[in-house]
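Okay, structure first, notes after.
2 protein chains.
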Amino acid sequence: MIRHLVLFKLNEGVDRDDPRVLAGVEAFERLDGAVPELRFWECAWNISDRPIAYDFAVNSAVEDAEALQRYLDHPAHRAAAAQWREFATWVIADYPF
Amino acid sequence: MIRHLVLFKLNEGVDRDDPRVLAGVEAFERLDGAVPELRFWECAWNISDRPIAYDFAVNSAVEDAEALQRYLDHPAHRAAAAQWREFATWVIADYPF
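In the order they appear, the protein sequences are chains A and B.
According to the working numbering, the first sequence is numbered sequentially starting from 379.
According to the working numbering, the second sequence is numbered sequentially starting from 379.
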């Protein structure tokens, strides 16, 4: 199994209740049902006010490297990422477990 | 429950086999047994070569906000974080689940 973690930071001046952001969160929430490769899925807003805290997190898992690539290439994932690219940046880490 | 995710980036010029890094990874691997608040613990090197990939990840969970603070304040966690501060930076996200 491969864990795929993503931490998102909203661009300066973008609020969590921005309609684009709300739509982006909805797009992520729908991914779990839309992408068959996903074996584990959590996505949520950060609740920490530490300066090093990012704003939103995706914690997911897929079977193997091929499944991860299929997830990344899935039209629903690509569409959600394109939405987020309008108002946020992110960093990732993938690891086997 | 609260999920506590941390993504670490090694400082420029620091390698994964640097003795300080190896010791830092060992310190994190020992945390799971050392801190009773931890209900879930994964830590591992990133395997993605995407430019947005960070180097190392911690994926943990604790019961609630008070348990998270006890974890952060635990001497074993503070010591491990101090080790990592010598050679890496990191970002976090915490969320309820």
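Glycine included, every Cβ here is placed at the ideal spot set by N, Cα and C.
- In this structure, DSSP gives Pro474 of chain A an extended state, which the three-state scheme calls strand.
- Neighbourhood of Asn424 of chain A in chain B, by CB distance below 7 Å: Ala471, Asp472, Tyr473, in chain order.
- The beta-bridge partner set that DSSP reports for His452 of chain B is empty.
- Rounded to whole angstroms, Ala401 of chain B and Phe475 of chain A show a C-alpha spacing of 21 Å.
- The DSSP-derived three-state label of Leu416 of chain A is coil.
- In this structure, the CA atom of Phe434 of chain B is about 27 Å from the CA atom of Ala405 of chain A.
- Taking C-alpha positions only, Asp427 of chain A is separated from Glu420 of chain A by approximately 20 Å.
- The beta carbon of Asn389 of chain B sits no closer than 8 Å to any beta carbon of chain A.
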